[in-house]
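Undergrad:
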Amino acid sequence: MQSITAKFPPLPLNELIPRINGFETNSLNEKQSLITDLINAHTIFSVDILKGSVFRRARKINEKDYPELVQDLLWKPDGLAVSGRANPEGFSVLYVADKPETAFRETHIDAHFVLL
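Going by the working numbering, the first residue of the sequence shown is number 13, and it counts up by one from there.
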């Protein structure tokens, strides 16, 4: 299966950063051009999930929050979601990844944490 970034490559940073930095002073046509380019590069897409696909989930767990039940690994025990890339504070979203290293990176875990 092709990765999402391979299937939908992002705009190169060396092009994107100057355009974002100059956005406030750009002409209306330049602003519309950037927005159009962003929409074209980051289209809303659907991904076919094939039978047998495997997804990974990683979560940072403190010693005092060690789960008693397997189901407690899915959501935070207190149920209070912090804001994330795809959710506002208080709105839980299940993040999954097709590669272990992606799941690990999503957690921003330091070296002193253990992942199982």
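Note that the Cβ used here is the ideal one computed from N, Cα and C, for glycine as well.
Select from Asp-110, Ala-109, Ala-93, Lys-111 the residue whose C-alpha is nearest the C-alpha of Phe-103.
TA: As a first step, residue 103 is located in the sequence shown; it is residue number 91 there, counting from the start. When each option's Cα is compared against that of Phe-103, the closest is Ala-93.
Undergrad: Report the partner residues of Arg-68 according to the DSSP bridge assignment.
TA: As a working note, residue 68 is residue 56 in the sequence shown. Arg-68 is bridged to Ala-109.
Undergrad: Taking the beta carbon of Ile-73 as the centre, do at least 16 other beta carbons fall within 10 Å, making it buried, or is it exposed?
TA: For this step, residue 73 is matched to residue 61 along the sequence shown. So Ile-73 ends up on the buried side.
Undergrad: Tell me, please, whether the region 110-121 touches the region 62-70 by the rule of three or more beta-carbon pairs shorter than 8 Å.
TA: Taking 8 Å as the limit for Cβ pairs, the verdict is that the region 62-70 does touch the region 110-121.
Undergrad: So the alpha helix (DSSP H) Lys-43 belongs to, where does it begin and stop?
TA: Reading the sequence shown from its first residue, position 31 is the one you call residue 43. Unbroken alpha helix (DSSP H) run through Lys-43: 40-53.
Undergrad: Taking the alpha-carbon positions, what's the Arg-117 to Glu-42 distance?
TA: Here the question's residue 117 lines up with position 105 in the sequence shown. Here the question's residue 42 lines up with position 30 in the sequence shown. One C-alpha to the other measures close to 35 Å.
Undergrad: According to DSSP, is Glu-36 helix, strand or coil?
TA: Residue mapping note: residue 36 aligns to position 24 of the sequence shown, counting from 1. Residue state, collapsed to three classes: helix.
Undergrad: Determine, using beta carbons only, whether Ala-53 and Leu-23 come nearer to each other than 8 Å.
TA: Here residue 53 refers to the residue found at position 41 of the sequence shown. Here residue 23 refers to the residue found at position 11 of the sequence shown. Against a cut-off of 8 Å, the Cβ pair of Leu-23 and Ala-53 comes out as a contact.
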